[in-house]
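Counting from -4, one number per residue, gives the positions in the sequence shown under our numbering.
Backbone N, C-alpha and C define an ideal beta-carbon position, used for all residues, glycine too.
Working notes for the structure below.
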Amino acid sequence: MQTSSLTQYAHALYAAHGDKAEHEAALKAQAANKDGNPDEAEKWQNIRMHIKELRGARQT
C-alpha cells in the first residue's frame, strides 16, 4: 500500500474511532504478526504511526 493510501486510511480510521484508532491499528498489527503475515503487520504499524501523528503530541 502506498504512503498516500496509508495516510488516507489512517484519517478514516481516526475519524471513525477517535482516540481509540491507534489502539485498533495496534491490535490489527498484533493479529497479523500472530497469523504469520509480517507485511500486513507492517502496514498496520505504518497506519498506527500516521494516526499518532494526527493525534499530535500529548500535553502534560
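query: Throw me the rounded Cβ distance for the A24 and A36 pair, which I believe falls under 8 Å.; result: 5 Å
query: Consult DSSP for Q40 and reduce its assignment to one of helix, strand or coil.; result: helix
query: Would you call K38 buried or exposed, if buried means 16 or more other Cβ atoms sit within 10 Å of its Cβ?; result: buried
query: One question on the structure: do Y9 and L49 come within less than 8 Å of each other, judged by their Cβ atoms?; result: yes
query: So, with DSSP's three-state summary, where would you put Q54?; result: At Q54, the pLDDT of 46 sits below 50, so the modelled position is not reliable and the matter cannot be decided from this model.
query: How long is the line joining the alpha carbons of S0 and H45, rounded to whole angstroms?; result: 11 Å
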